[in-house]
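**Q**
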Amino acid sequence: MKMPELDRFEDWAPEEFPKGYLCNAGTSVEYITGGWRSMRPVWDADKCTNCMMCWVVCPDSSIKVADEAMTGIDYDHCKGCGVCVHECRFGALEFIREDEAEVA
Amino acid sequence: MTATKPFSATGNQMIAEAMRQADPDVMAAYPITPQTTIVENYAKFVANGAVTTEFVTVESEHSAMSACVGASAAGARVATATASQGLALMWEELFIAAGMRLPIVMANANRALSAPINIHGDHSDVMGARDTGWILLFAETAQEAYDNTVISFPIAEDPDVQLPVMTTLDGFITSHAMERCVMEDDETVRSFVGDYAPANGLLTSPTPLGAGMFANGDSYMKSRYMLRHAIQDSLPVIERVGKAWADTCGRPFDVVDAWECDDAELIVVVLGSAAGNVRHIARELRAAGKKVGVVRPRVYRPFPVKQIAEACKGAKAIAIMDRADSLGGQYGPLAVDVLGALASAGQSAPFHNYIYGLGGNDLTNDLVHKVFDDLEKLADGSLGTGGTSYLGMQEAEGAQNIWLG
Amino acid sequence: MSELIEIRWHARAGQGAVTAAKLVADTALLQGAYIQAMPEYGPERTGAPLKAYTRVSDAPIEVHNTIVNPHIVVVLDDTLLDSVDVTEGIKDDGTVILNTEMTATEAQARLGVPAGVKVAVVDASGIAIDTIGRDIPNTPIVGALAKVTGVVPVDLVKERLTETFGKKFSQEMIDANLRSVDRAYEEVQTA
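Spelled out as structure tokens, the structure:
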């Protein structure tokens, strides 16, 4: 379905809205929510056992996985809720302040 | 084009036949008097293989309309039927169907709402759906219930309209009375209705789509603005489709049936089956030289503002008859619409609003005579303008002082 | 007929008044008339007094209300006379057809109608028991109606009856019904 550019949706004219307020699927990928974060999970690959519990609980699908193994965290969409850190049984995820992360 | 020979049928049978000919992909329905015989007849068509419809039995009207919304969003042609408490139970889904621009066709056998419990015909149920974004058609006869249902599909599915349509008939009065009817043959109706090609069906689209999204104020208001235009702009489409059907079947179609209004001085505006009762008496009065006219909106939403104002142009007095009340408001719903239409056209005439026929209460010939008698008094000034009364219970008086102080 | 004819049926639920109201309408339709037939719906159960209506006209029928000034009143059960004012609003030159064992003169006195009103009697229940084997007076009384009023011709009534009942009943039952129509047509008496 043809839709106007999502990044200017607040400026859409009424007639640009698709009938019935439909939209293409998967548009949340284009919506960068990483900026909402005040705390961030940091992954320690050495401690990680790839149990995938963090992948299961992440509400924003921000645990990146390839070939059945964790490869990192999608900071474009991670909102810093900390659920993954809370659930990790192996100390492989640390929760740090966003300003500390920026310094590091 | 060949029509059947005249045969006798109830309004509900005729609606079931029209739906059979349109052969929707999905029907999800729950029985309720006085609609039940529509889906009962339809279920027989399904059982006998006369249609290809998937009939979804559900546990309530709330679920019926939810299933219809889902099926229609998926890209199916969808039909259903309900009445009264059933329509009331569908209320939230009615908004969703219209807001999502889903061309669902639903028959409603207009019936009173509880309390007290009453199964008979009035417009209390359908008036509750007045502001939902559904196109509302009112049939006067069983024949018209058929014709309105046939045209409902191409109107709803028109790419410029894409809105749900409610094809209504008066409970028992039209739904269950047997009348002389004809039906066009299946081929004629099928080619008139055509195949449904959904613009963006969730299961017909080549790419995945999202539906039922959240919208904040700004997007919500813009989206609703488009909905307002969609239903407003559907009137010419309704007219075009209605006229095309009239050309096919030979029975007239007008969004407003204005009977003898060219020189009419005393005009009654009325919806549905009661228009026949009023015209029945109006013919006698015409024969006696009285300049009377009857205005019947066949389309109630979108409200045909221009056509109503045009029909009432020469009126010296107007009676607006409502088969539902707007409790706590000054006038019934039809009166409010008619008065708005006249005001926007810069017209005015002395008027009186009657609430009549609630719960199937009989609109007798005597009561219709009473309305015309009052119209004469309104025209000569012996009855003040602006009143509301319950016809047959209350004498018509000028504007009631509880409102004006 | 050149005008709107209005028929009001009085019966007890279960006597087939609605079927009779529709049979007359359907028969008139075969003649090219416009018709309307409807019961007065309510919470009735078997035995409760009910009304049904038939309208027949050369012109399209626009009016959609109950019949308060009937040309013809048909009463399928004379015990109703104790509780229902069956002739209420009847036209001055109207016709009453009563299923009863009374004579026409007795019925006329019992009903107390003006002289202009024609009163006809037929023992439709007796005929039904003889022919059909059950007290279902609705089909025979339509035979009486055909004779007394001429609203519909009796041959057409039988044709329509055969068609309608043919879908549901055995030939034996259809024949019994047709005999009941003929007998009522022959036996109906007017005062």
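Protein chains in written order, with this note's numbering: chain Y, 522 to 625; chain Z, 175 to 579; chain G, 3 to 193.
Where a beta carbon is used, it is the ideal one built from N, C-alpha and C, also for glycine.
Which word fits residue 212 of chain Z, buried or exposed, when buried means at least 16 other C-beta atoms lie within 10 angstroms of its C-beta?
**A** Residue 212 of chain Z is buried by the Cβ-count criterion.
**Q** If you follow the alpha helix (DSSP H) that residue 527 of chain Z is in, where does it begin and where does it stop?
**A** From DSSP, residue 527 of chain Z is part of no alpha helix (DSSP H) but of the beta strand (DSSP E) over 525-529.
**Q** Under a three-way DSSP split, which group does residue 160 of chain G fall into?
**A** Helix at residue 160 of chain G.
**Q** Measure how close the beta-carbons of residue 474 of chain Z and residue 310 of chain Z come, nearest whole angstrom, since I'm counting them as under 8 Å.
**A** The pair is a contact, with the Cβ atoms about 4 Å apart (cut-off 8 Å).
**Q** Under the rule that 16 or more other beta-carbon atoms within 10 Å means buried, what is residue 528 of chain Y, buried or exposed?
**A** Residue 528 of chain Y is exposed by the Cβ-count criterion.
**Q** Run through the stretch 94-150 of chain G for me and flag every whole beta strand (DSSP E) of 3 or more residues, listed as ranges in chain order.
**A** Whole beta strand (DSSP E) segments, 3+ residues: 97-101 and 120-124.
**Q** Would you check if the distance between the CB atom of residue 296 of chain Z and the CB atom of residue 286 of chain Z is smaller than 8 Å?
**A** Yes.
**Q** Would you tell me roughly how many angstroms separate the C-alpha atoms of residue 365 of chain Z and residue 526 of chain Y, rounded to the nearest one?
**A** Distance between the alpha carbons of residue 365 of chain Z and residue 526 of chain Y is about 39 Å.
**Q** Chain Y partners of residue 282 of chain Z, CB-CB under 8 Å?
**A** Those do not exist, as residue 282 of chain Z stays about 22 Å from chain Y at its closest Cβ, beyond 8 Å.
**Q** With the cut-off set at 8 Å, would you say residue 183 of chain G and residue 145 of chain G are in Cβ contact?
**A** Yes, Cβ-Cβ distance for residue 183 of chain G and residue 145 of chain G is below 8 Å.
**Q** For residue 402 of chain Z, report the span of its alpha helix (DSSP H) as first-last.
**A** 391-406 is the extent of the alpha helix (DSSP H) around residue 402 of chain Z.
**Q** Which word fits residue 222 of chain Z, buried or exposed, when buried means at least 16 other C-beta atoms lie within 10 angstroms of its C-beta?
**A** Under this definition residue 222 of chain Z is an exposed residue.
**Q** So with CB distances below 9 Å, who are the chain Y contacts of residue 381 of chain Z?
**A** What residue 381 of chain Z touches in chain Y: 522, 545 and 546.
**Q** Once DSSP output is grouped into helix, strand and coil, what is the label at residue 585 of chain Y?
**A** Residue state, collapsed to three classes: strand.
**Q** Examine the Cβ distances between the stretch 360-374 of chain Z and the stretch 325-333 of chain Z and report whether three or more of them are shorter than 8 Å.
**A** With the cut-off at 8 Å, the stretch 360-374 of chain Z and the stretch 325-333 of chain Z touch.
**Q** Taking only beta-carbon positions, decide if residue 180 of chain Z is within less than 8 Å of chain G.
**A** With 8 Å as the cut-off, residue 180 of chain Z counts as an interface residue toward chain G.
**Q** With which residues is residue 471 of chain Z paired in a DSSP beta bridge?
**A** Answer is Z:430, bridged to residue 471 of chain Z.
**Q** Can you give me the Cβ contacts of residue 612 of chain Y inside the same chain, cut-off strictly under 8 Å, excluding the 5 residues immediately before and after it?
**A** Here the set comprises 565 and 568.
**Q** Under 9 Å Cβ-Cβ, which residues of chain Z neighbour residue 110 of chain G?
**A** Residues of chain Z passing the Cβ test: none, with the nearest at roughly 28 Å.
**Q** Taking the alpha carbon of residue 172 of chain G as the reference point, which residue from G:16, G:190 and G:134 has its own alpha carbon closest?
**A** Of the listed residues, the one whose Cα sits closest to residue 172 of chain G is G:134.
**Q** Note down, in chain order, each residue of its chain lying with its Cβ closer than 7 Å to the Cβ of residue 405 of chain Z, except the 5 sequence neighbours on either side.
**A** Answer for residue 405 of chain Z: 307, 309, 337, 475 and 476, listed in chain order.
**Q** Exposed or buried, what is residue 185 of chain G when buried is set at 16 or more other beta-carbons lying within 10 Å of its beta-carbon?
**A** By the 10 Å Cβ count, residue 185 of chain G comes out buried.
**Q** Taking residue 310 of chain Z as part of the beta strand (DSSP E), name the residues at either end of that continuous run.
**A** 309-312 is the extent of the beta strand (DSSP E) around residue 310 of chain Z.
**Q** DSSP three-state label for residue 507 of chain Z, please.
**A** Here residue 507 of chain Z sits in helix by DSSP.
**Q** Determine whether the Cβ of residue 351 of chain Z lies closer than 8 Å to any Cβ atom of chain G.
**A** Judged by the 8 Å Cβ criterion, residue 351 of chain Z is in contact with chain G.
**Q** Which residues mark the beginning and the end of the alpha helix (DSSP H) in which residue 545 of chain Z is found?
**A** Unbroken alpha helix (DSSP H) run through residue 545 of chain Z: 539-554.
**Q** Taking 8 Å as the cut-off, decide whether the C-beta atoms of residue 23 of chain G and residue 58 of chain G are in contact.
**A** Their beta carbons are not under 8 Å apart, which means residue 23 of chain G does not touch residue 58 of chain G by this criterion.
**Q** If distances are taken between C-alpha atoms only, which option among G:93, G:83 and G:15 comes closest to residue 50 of chain G?
**A** Closest by alpha carbon: G:15.
**Q** Thinking C-beta only, is residue 600 of chain Y closer than 8 Å to residue 626 of chain Y?
**A** Coverage of chain Y is limited to positions 522 through 625, which leaves residue 626 of chain Y absent and any answer about it impossible.
**Q** I need the DSSP call for residue 563 of chain Z, collapsed to helix, strand or coil.
**A** It is a strand residue.
**Q** Identify the continuous alpha helix (DSSP H) that holds residue 236 of chain Z and give its terminal residues.
**A** Run containing residue 236 of chain Z: 235-248, per the alpha helix (DSSP H) assignment.
**Q** Give the residues of chain G in contact with residue 348 of chain Z, contact being defined as C-beta atoms less than 8 Å apart.
**A** Near residue 348 of chain Z (Cβ distances below 8 Å), the residues of chain G are 66.
**Q** Under 8 Å between C-beta atoms, does residue 552 of chain Y make it to chain Z?
**A** Judged by the 8 Å Cβ criterion, residue 552 of chain Y is not in contact with chain Z.
**Q** If you compare alpha carbons, which of G:79, G:63 and G:32 is closest to residue 52 of chain G?
**A** That would be G:79, whose Cα lies nearest to the Cα of residue 52 of chain G.
**Q** Could you pull the start and end residues of the beta strand (DSSP E) that residue 616 of chain Y belongs to?
**A** Its beta strand (DSSP E) spans residues 614-618.
**Q** Determine the direct distance from the alpha carbon of residue 537 of chain Y to that of residue 609 of chain Y, and round the result to whole angstroms.
**A** Approximately 45 Å, taken between the alpha carbons.
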